[in-house]
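Take the sequence shown: its letters are residues 3 to 56, numbered as in my numbering.
Positions of the beta carbon are idealized from the N, C-alpha and C atoms, including for glycine.
Heads up: the structure comes next, in structure tokens.
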Amino acid sequence: MAKNKGRESIILKCTVCGEETYLSSSNKKKHPERLERNKYCPRCQKVTVHKEKK
Ligand SMILES: [Zn+2]
């Protein structure tokens, strides 16, 4: 399971309801700082702003 080096799984958290959405893609070179993405939240049932949880 150590073959996926360089690829970390990050957690994106909905800023509206706090629901955590898991994403397995991370571009630390492209985004060295916290990610902020518009993602679909199943709890809000709409696209909301998600921030990387750390
Ligand atoms: Zn939400």
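(request) Can you say whether residue 15 is buried or exposed, counting buried as having 16 or more other CB atoms within 10 angstroms of its CB? (result) buried
(request) Sort out for me which residues DSSP pairs residue 49 with in a bridge. (result) 42
(request) In the DSSP assignment, find the unbroken beta strand (DSSP E) run with residue 14 in it and report its ends. (result) Counted as a single uninterrupted DSSP element, the beta strand (DSSP E) harbouring residue 14 occupies residues 12 to 16.
(message) Can you look up residue 37 in the DSSP assignment and give me helix, strand or coil?
(response) coil
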